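Structure first, then comments.
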Amino acid sequence: MERGYIEMRKIWAAVSLAAAALAVSACGSSGISSSPATSSSASASSSAATTLMAMTINGTPVVTNAKGFTVYWASTDTSTTSTCTGSCVTSWPAVQGPATAGSGVTGTLGTITRSDGTVQATYDGHPLYTFVKDTAPGQANGNGVHAFGGVWHEMTVSGAIPAASSSASSSSGGGAGY
308 MERGYIEMRK IWAAVSLAAA ALAVSACGSS GISSSPATSS SASASSSAAT TLMAMTINGT
368 PVVTNAKGFT VYWASTDTST TSTCTGSCVT SWPAVQGPAT AGSGVTGTLG TITRSDGTVQ
428 ATYDGHPLYT FVKDTAPGQA NGNGVHAFGG VWHEMTVSGA IPAASSSASS SSGGGAGY
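Under my numbering, the residue at position 97 of the sequence shown is numbered 404, and the numbers go up by one with no gaps.
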């Protein structure tokens, strides 16, 4: 079971990397600005640490992965436990830990061990996730979404305090929860 899970994560990582490369190459100027000196040492190796970066998206300094995808936290999690399992983690993939701080990242990085035994990165005590509906770097489609029993927020550089609600994505309501 664990071997199959690891193989599936490798496949998804390869697909995600290819999609991100395609999205970045198709991206023009989109009102996204990254912190100065955003050199990252992203590696295709699954044993490499996840690098977190700071980027301004929609006027808010947020934490992203090295590919520029916004990372989120869930209101239902605790500093030691992720409540996102099963179909939830399909929509909100956990950020693999450990994580290293890239340019502009000032919060405390850590890890938790998920119920499936994998290690998940945390920022200021909040388990981190990406969102499948963020299809290109610099998007924050998951900010303010009510899904899987809680509210999802972009992780701001200053910590987990939600920014003033300016996201229209929170009005999706019903259905599969996203």
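In this text, a Cβ means the ideal position worked out from N, Cα and C, and glycines have one as well. Predicted model, so just to flag it, every value in this text is computed and none were measured.
Excluding five sequence neighbours on each side, which residues of the same chain lie with their C-beta closer than 7 Å to the C-beta of residue i?
| i | result |
| --- | --- |
| Thr392 | Ser422 |
| Ser354 | Only weak support exists for where Ser354 lies, its pLDDT of 45 falling under 50; the value from the coordinates is given anyway. Counting only Cβ-Cβ distances below 7 Å, and skipping sequence neighbours, we find nothing. |
| Asn448 | Phe438, Lys440, Asp441 and Ser476 |
| Cys395 | Phe455 |
Buried or exposed: residue i, going by 16 or more other Cβ atoms within 10 Å of its Cβ?
| i | result |
| --- | --- |
| Ser389 | buried |
| Ile468 | exposed |
| Ser472 | Residue placement at Ser472 cannot be trusted, given a pLDDT of 47 that sits under 50; the coordinates are not used to answer. |
| Gly424 | exposed |
| Gly366 | exposed |
| Gly456 | exposed |
| Thr509 | Since the displayed the chain opens at 308 and closes at 485, residue 509 lies outside it and no answer follows. |
| Thr437 | buried |
| Thr463 | buried |
Looking only at its chain, what residues have a beta carbon closer than 6 Å to the beta carbon of residue i, apart from the 5 residues adjacent to it on each side?
| i | result |
| --- | --- |
| Leu435 | Val378, Val402 and Ala428 |
| Thr415 | Asp431 |
| Gly417 | Thr429 |
| Pro405 | Ala356 and Thr418 |
Going by the DSSP bridge assignment, what does residue i pair with across the sheet?
| i | result |
| --- | --- |
| Ala361 | Val370 |
| Thr407 | Thr358 |
| Val458 | His453 |
| Thr463 | Val369 and Gly466 |
| Thr377 | Thr371 |
May I ask whether a heavy atom of the ligand MN can be found less than 7 Å away from the beta carbon of residue i?
| i | result |
| --- | --- |
| Tyr430 | For the ligand MN, the structure offers nothing, since it holds no ligand at all. |
Residues in its own chain within less than 8 Å of residue i by CB, not counting five upstream and five downstream?
| i | result |
| --- | --- |
| Thr407 | Ala356, Thr357, Thr358, Leu359 and Leu416 |
| Thr420 | Val426 and Gln427 |
| said: Restricting to runs no shorter than 3 residues, where is the beta strand (DSSP E) found entirely within the region 417 to 448? | reply: 426 to 430
| field | Contiguous alpha helix (DSSP H) assignments of at least 4 residues, all confined to the region 379 to 404 | value | 394 to 398
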